[in-house]
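Protein chains in written order, with the numbering used here: chain A, 1 to 295; chain B, 296 to 590; chain C, 591 to 885; chain D, 886 to 1180.
Glycine residues also receive a C-beta, built at the ideal position from the N, C-alpha and C atoms.
All values reported here derive from a predicted model rather than from experimental measurement.
Report on one structure; see the data block that follows.
Number of protein chains: 4
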Amino acid sequence: MKITFIGIGHMGEPMVGRLLASGFSVTIHNRTRERALPLLEKGALWAETPAQGASGCDILATMVADDNALESLIGPGGILDSMPEGAVHLSFSTISVGYATSLEKRHGTRGQGFVSAPVFGRPDAVREGRLRLLCAGKEGPVQKVLPLLNALGPRVFHLGENPATANIVKLSGNFMIASVLETLGETFALAKKSGVDPALFLEIVNDSLFHSPLYENYGRTMAEKRYDPPGFTMDLGLKDINLVLEAANTLRVPLPLGGILRDSFLSGLAQGRQSLDWSAVVLSHYERAGIPVGE
Amino acid sequence: MKITFIGIGHMGEPMVGRLLASGFSVTIHNRTRERALPLLEKGALWAETPAQGASGCDILATMVADDNALESLIGPGGILDSMPEGAVHLSFSTISVGYATSLEKRHGTRGQGFVSAPVFGRPDAVREGRLRLLCAGKEGPVQKVLPLLNALGPRVFHLGENPATANIVKLSGNFMIASVLETLGETFALAKKSGVDPALFLEIVNDSLFHSPLYENYGRTMAEKRYDPPGFTMDLGLKDINLVLEAANTLRVPLPLGGILRDSFLSGLAQGRQSLDWSAVVLSHYERAGIPVGE
Amino acid sequence: MKITFIGIGHMGEPMVGRLLASGFSVTIHNRTRERALPLLEKGALWAETPAQGASGCDILATMVADDNALESLIGPGGILDSMPEGAVHLSFSTISVGYATSLEKRHGTRGQGFVSAPVFGRPDAVREGRLRLLCAGKEGPVQKVLPLLNALGPRVFHLGENPATANIVKLSGNFMIASVLETLGETFALAKKSGVDPALFLEIVNDSLFHSPLYENYGRTMAEKRYDPPGFTMDLGLKDINLVLEAANTLRVPLPLGGILRDSFLSGLAQGRQSLDWSAVVLSHYERAGIPVGE
Amino acid sequence: MKITFIGIGHMGEPMVGRLLASGFSVTIHNRTRERALPLLEKGALWAETPAQGASGCDILATMVADDNALESLIGPGGILDSMPEGAVHLSFSTISVGYATSLEKRHGTRGQGFVSAPVFGRPDAVREGRLRLLCAGKEGPVQKVLPLLNALGPRVFHLGENPATANIVKLSGNFMIASVLETLGETFALAKKSGVDPALFLEIVNDSLFHSPLYENYGRTMAEKRYDPPGFTMDLGLKDINLVLEAANTLRVPLPLGGILRDSFLSGLAQGRQSLDWSAVVLSHYERAGIPVGE
């Protein structure tokens, strides 16, 4: 089985590493070859262009930043034109719901398969075998890519035949994290003005209520003001919130939290915080409450 | 040390039970004596009135529904008039921040102490020794009540000398839970309209992101439509949200989530759901999204 | 007919002036006598205390700042105890809905009438005969006060037998103005960041859409940064928004705008703007959008 | 001067009529020729295709539904390819800010001018000479189209050299109307539950505060439940709200009202009201407050 993987970034790199370690033969491509060198040393093959990688492959996996980055691979003279009939495009990227739907159609008209498989987890989760994978697409293509997915993480969640549902779930997950950030941000502001140390506040509510490492980690990042370097930036956060709102708009689902989150992030970006960790949204709440920010 | 405990409801009953089991001698009072019988059998003494219970006590503990219920004990001819100088009022109830502040003043003018000690946990948490306790008040009174608090749960969080801060933290905790309910409610509506089963959605995000029993429990209650009998009712939820908004108003802290939560609960109450579990707020989101509710 | 008017502030003063000019005989009282001097010169009589003014009167009119100010007149040894049976309390103040309801009950148990008659308009509207008056209460008392109301302004709107409805309408009116301020604030921020002068933006939309002097006046105040001296302060604005939210809470009516308005005003107050004109809420929007405020 | 006007809908038809009456010679094109017949009888010339209309013209005016409709005229083999160098595209449509910006660039690379001139007013405003016009673009092209604009309405507002600003102002105007609808909707729900007739409530607040025909008209439409036939549909309303949010997103301006408006409209669309007048948004508020809708 010929596998090509395009997009050797901070996620793609350990994912391919894991596939190689599991015995898969993988051809890779990346905008800059330099980034790919460690994998080439581990036995990956190199494709000079996306088209070359797509040509003759069975599975074409992609892991890139967003719709535009993916479209630049897909479009004229790219993957779509070069993939053989019957091959499957396995898309790991966090892309929009509308784009996922259109991709399936475009592949379908050429007899190619499309499986949407966005992931939950950061690079260390890949390396430590803790990555969670979503999976949605038609039965045939899904069966074909399943061995890869199973090699990448211990749990693969199946979401049916419509690829876009996997993207909705992924985006909704990020929306839920953003809601946690908002909740922590607002209550931290209230705690501060009440004279309660946010770090103590966090310890109390997590020990008493949530028992969640996610609350623990983001709350600490806020309490200790560690917004830089970012784990996930403010502007990527806003991008995903907007993608959820876009999907909700199409489905006619009001999302009151969405407007709130959008504005808190926009307010942070208006102050120039686009490259800080998205937990820096707490600063928007300090500002509105008249608490000196002292980044 | 003479301890009186007023308010033998679903929380007060196991709390006194625990104190008795720890060797404390406790006098109790409740609006209806019937409710107190099991404790009297375990060795508690009975006071005919709040005033009788307060008279001559060292510590007067109260655990009642809200400001009004507590004030009916405190007011003319009640606790305030009967407690000895030097005695301490230990308040476990979830009361408003403003009322806690005024209580400390009123006790102070009579040389009585006041400690605010709201708790996190339901009756089974008390019985299983998992109750979390907050604690705020002046050093002297706090030292006096500490043995009781330590008998009631494994962790007591100290919040300084201002009693009201304990109430703010308690209310903020409930506010955070309400935010989780809102987040689950909105994303469940989105999932449903996308064709994703909320139960599966919950399993995915909790396994991938939160790892939190609180998300698990409330999410399941929603997915399985188990709103009745309630663990905590919609109207109590709204009461606490309003108390947080009131405190935030005094402190000049904007709380965008507060407006959202308030409206989602009001919307549920407008449909007559005041006595359902507060997780039934999800129904407000189904309705707005045009999803048949089928309670 | 013996008429007493308590509360000779910036509204009460011209209102009594108008009554005198219409030929009514009016006894007045105010916390500080100084404020009342011009009216005494015009023929008003002076009462040393609220009780003295209430004693023997047919109509007892009040125009004060809020619930607390009115209760300080009403309470023990005050109006309630001194008004004769059959006399009517004519309340012009912007008080809470709950308080209006309780006032009617308390007067009712003593055989006294209660009419709620909050007004729309500033002092110059009174002087120029443009004041609008609301009016709600039982038929008998309303008939009794109608000649006074008709003397005060060209239009009296009747709202039925329940006094509280007049207060809801008055508060809703202020809520609608606050919504205009919010709308202008948000769109001015958008205009500014687009490079469009807010004054031009205002001229366009008012000439093209609203044709409303209220939009014109508030928009200009914002565009010309004339927040001081205030026509109506930020903290009074917040007070009325909170009273609307309180009424909506009791009636189970979600008010999404209410949460938004509350937060915009709180945000302004957190920056110390409580005494500026409530149009200064626009500054909250400039700040969040990263526009230098330059008050 | 050769003028071509494409898009003979309910707005385009009276606009061309006005131009003809002012002595301009106008060539027209529309998807369906039938719609254009009355104008052809009044002396307009017919172009078989957009390209034919664009070829050799001095001013190419367009008035269509949205970005997509305009792009279908502009794209390959259309206006862009056929307009002479030096000619000006005069765009009356309510299009997105981003699209207006891209249009200017695309015309610019071909030496063509672009002026954005969205309008405020309905067909009867055109016929009665009350149309308001915005106008933004480079000096040369603006001078060229000014005689047309002046013939179309009594006031033309100049917004500088950046065409997109005219679109932002137009969209913001619609955003402000939607805010009025939201405000009326929320307060009508409150009034109803208080036992106050919305029609009376409207009369009071408009007579006392706004003095605005826009409040009058929309408030009456709501009070009298005249949502069909629509003046402007719910789904067009949502479209424009989304376009404002999109522009605000790019400019980093939080718009709390935007989230509220979006959700109120989405909630209406989720109940199938996309083709009702946008004042039908009031029904969303009745529903949430538990008021029987009875459309």
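- Task: Quick one: which unbroken beta strand (DSSP E) runs of 3-plus residues sit fully inside the segment 47-125 of chain A? Chain order, please.
- Result: Here the runs fully enclosed are 59-62, 88-91 and 113-116.
- Query: Where His875 (chain C) and Ala542 (chain B) are concerned, what is the direct C-alpha to C-alpha distance, given to the nearest angstrom?
  - Reply: Counting from one through the third sequence, the residue named residue 875 (chain C) turns up at place 285. Counting from one through the second sequence, the residue named residue 542 (chain B) turns up at place 247. For His875 (chain C) and Ala542 (chain B), the distance between alpha carbons rounds to 23 Å.
- Query: Is it a yes or a no for the segment 903-912 of chain D touching the segment 1019-1039 of chain D, going by three-plus beta-carbon pairs under 8 Å?
  - Reply: yes
- Of the residues that make up the segment 75-98 of chain A, which ones have a beta carbon closer than 8 Å to any beta carbon in chain C? Per Cβ criterion, the list is empty.
- Query: How should Lys105 (chain A) be labelled, buried or exposed, when 16 other C-beta atoms within 10 angstroms of its C-beta is the threshold for buried?
  - Reply: By one-based count along the first sequence, residue 105 (chain A) stands at place 105. That one is exposed.
- If you measure beta-carbon to beta-carbon, which residues of the segment 261-286 of chain A are closer than 7 Å to chain D? Arg262, Asp263, Leu266, Ser267, Leu269 and Ala270
- Rounded to whole angstroms, what's the CA-CA distance from Glu519 (chain B) to Ser574 (chain B)? Just pull it up for me. For this step, residue 519 (chain B) is matched to residue 224 along the second sequence. For this step, residue 574 (chain B) is matched to residue 279 along the second sequence. Straight-line Cα distance between these residues: approximately 11 Å.
- Message: Could you check whether Val281 (chain A) and Met234 (chain A) sit closer than 9 Å to each other, using their CB atoms as the reference points?
- Response: Against the first sequence, residue 234 (chain A) aligns to sequence position 234. Against the first sequence, residue 281 (chain A) aligns to sequence position 281. A contact, by the Cβ cut-off of 9 Å.
- Neighbour list for Ala1174 (chain D) in chain B, Cβ cutoff strictly below 9 Å: One-based indexing of the fourth sequence puts residue 1174 (chain D) at position 289. Leu561, Ser562 and Ala565, listed in chain order.
- Task: For chain A, find out if any of its Cβ atoms is closer than 9 Å to the Cβ of Pro788 (chain C); answer yes or no.
- Result: As a working note, residue 788 (chain C) is residue 198 in the third sequence. With 9 Å as the cut-off, Pro788 (chain C) does not count as an interface residue toward chain A.
- Spatial neighbours of Ala47 (chain A) in its chain, beta-carbon cut-off 6 Å, leaving aside the 5 residues before and after: Taking the first residue of the first sequence as position 1, residue 47 (chain A) is located at position 47. Only Thr27, His29 and Gly53 meet the Cβ criterion.
- Buried or exposed (CB count within 10 angstroms, at least 16 for buried), Arg1147 (chain D): Position 262 of the fourth sequence holds residue 1147 (chain D). Result: buried.
- Message: Which residue wins for smallest C-alpha separation from Thr594 (chain C), given the options C:Pro882, C:Ser662, C:Met673 and C:Leu627?
- Response: Walking along the third sequence from the start, residue 594 (chain C) turns up at place 4. For Thr594 (chain C), the nearest C-alpha among the options comes from C:Met673.
- Query: What residues in its chain sit with their C-beta under 8 Å from that of Leu561 (chain B), if we drop five residues either side in the sequence?
  - Reply: The residue given as residue 561 (chain B) occupies position 266 in the second sequence. Only Leu533 meet the Cβ criterion.
- Message: Spatial neighbours of Thr934 (chain D) within its chain, please: C-beta separation below 8 Å, excluding the five flanking residues on both sides.
- Response: In the fourth sequence, residue 934 (chain D) corresponds to position 49, counting from 1. For Thr934 (chain D), where only same-chain residues beyond five positions count, the Cβ hits under 8 Å are His914.
- Start and end residues, beta strand (DSSP E) containing Arg450 (chain B): Translated into positions along the second sequence, residue 450 (chain B) becomes position 155. Looking at the DSSP string, the run of the beta strand (DSSP E) that includes Arg450 (chain B) is Arg450 to His453.
- Query: Near His107 (chain A), which residues of its chain fall below 6 Å by C-beta distance, leaving aside the five closest residues on each side in sequence?
  - Reply: Residue mapping note: residue 107 (chain A) aligns to position 107 of the first sequence, counting from 1. Same-chain partners within the cutoff: His89 and Phe114.
- Query: Which one of A:Ser55, A:Ile8, A:Gly17 and A:Ala51 has the shortest CA to CA distance from Arg33 (chain A)?
  - Reply: Position 33 of the first sequence, counting from 1, holds the residue named residue 33 (chain A). Taking only the C-alpha atoms, the option nearest Arg33 (chain A) is A:Ile8.
- Message: Under 8 Å, CB to CB, which of the residues in the segment 119-133 of chain A have a partner in chain B?
- Response: Result list: Phe120, Gly121 and Arg132.
- Residues of its chain near Leu169 (chain A), where Cβ-Cβ distance is below 7 Å and the 5 sequence neighbours each way are ignored: Stepping through the first sequence from its first residue, residue 169 (chain A) is reached at position 169. With the sequence shown as reference, residue 169 (chain A) is identified as Val, and Leu is not the correct amino acid for it. The residues are Leu134 and Leu159.
- 7 Å CB neighbourhood of Ile536 (chain B) in its chain, flanking five on each side removed: For the purposes of this step, residue 536 (chain B) is identified with residue 241 of the second sequence, where counting begins at 1. So the list reads Phe470, Ala473, Gly553, Leu556, Arg557 and Phe560, once near-sequence residues are dropped.
- Would you list the one or two residues that DSSP bridges to Asp787 (chain C)? In the third sequence, counting from the first residue as 1, residue 787 (chain C) sits at position 197. BP columns for Asp787 (chain C) are empty, so no partner.
- So what does DSSP say about Arg427 (chain B), is it helix, strand or coil? Taking the second sequence and counting its residues from 1, the one referred to as residue 427 (chain B) is at position 132. Residue state, collapsed to three classes: strand.
- Message: Can you find the residues in the same chain that come closer than 6 Å, C-beta to C-beta, to Leu103 (chain A), ignoring five residues on each side of it along the sequence?
- Response: Taking the first sequence and counting its residues from 1, the one referred to as residue 103 (chain A) is at position 103. Excluding sequence neighbours, Leu103 (chain A) sits near Phe114.
- Task: Give every residue of the same chain whose Cβ lies closer than 6 Å to the Cβ of Ala781 (chain C), excluding the five residues on either side of it in the sequence, and list them in chain order.
- Result: Translated into positions along the third sequence, residue 781 (chain C) becomes position 191. Hits under 6 Å: Pro788 and Phe791.
- Query: Counting along the chain, where does the alpha helix (DSSP H) carrying Thr516 (chain B) start and finish?
  - Reply: Sequence index remark: in the second sequence, residue 516 (chain B) carries index 221 (1-based). It spans Pro508 to Ala518 - the alpha helix (DSSP H) in which Thr516 (chain B) sits, taken as one unbroken run.
- Message: Applying the 10 Å Cβ sphere with the 16-neighbour rule, what's the burial state of Gly406 (chain B)?
- Response: Taking the second sequence and counting its residues from 1, one reaches residue 406 (chain B) at position 111. The residue is exposed, with fewer than 16 neighbouring Cβ atoms inside 10 Å.
- Residue burial classification, Ser367 (chain B) (beta-carbon count within 10 angstroms, cutoff 16): Position 72 of the second sequence, counted from the first residue, corresponds to residue 367 (chain B). Looking at its Cβ environment, which holds fewer than 16 other Cβ atoms inside 10 Å, Ser367 (chain B) is exposed.
- State yes or no: is the beta carbon of Gly1122 (chain D) nearer than 9 Å to at least one beta carbon in chain A? Position 237 of the fourth sequence holds residue 1122 (chain D). Output row for Gly1122 (chain D): interface = no.
- Query: Going by beta carbon distance, what residues of the same chain come within less than 7 Å of Lys1078 (chain D), once the five residues before and after it are set aside?
  - Reply: Against the fourth sequence, residue 1078 (chain D) aligns to sequence position 193. Taken in chain order, the residues that qualify are Ala1174 and Ile1176.
- Query: What is the residue span of the alpha helix (DSSP H) that Phe265 (chain A) lies within?
  - Reply: The sequence position of residue 265 (chain A) within the first sequence is 265, counting from 1. Start and end: Pro256 to Ala270.
- Item | Burial state of Thr994 (chain D), where buried means 16 or more other Cβ atoms lie within 10 Å | For this step, residue 994 (chain D) is matched to residue 109 along the fourth sequence. Exposed.
- Message: I need the straight-line Cα distance from Ile891 (chain D) to Pro256 (chain A), nearest angstrom please.
- Response: Mapped onto the fourth sequence, residue 891 (chain D) falls at position 6. Mapped onto the first sequence, residue 256 (chain A) falls at position 256. The alpha-carbon atoms of Ile891 (chain D) and Pro256 (chain A) are separated by roughly 40 Å.
- Simplified DSSP state of Phe595 (chain C), which is helix, strand or coil: One-based indexing of the third sequence puts residue 595 (chain C) at position 5. Under the three-state reduction of DSSP, Phe595 (chain C) is assigned to strand.
- Taking 9 Å as the CB-CB limit, is Arg920 (chain D) close to chain C? Your numbering for residue 920 (chain D) matches position 35 in the fourth sequence. For Arg920 (chain D), the closest Cβ of chain C is not nearer than 9 Å.
- Run the proximity test for Gly553 (chain B): is its beta-carbon closer than 8 Å to any non-hydrogen atom belonging to the ligand HEM? Ligands in the displayed structure: none, and consequently the ligand HEM is not present.
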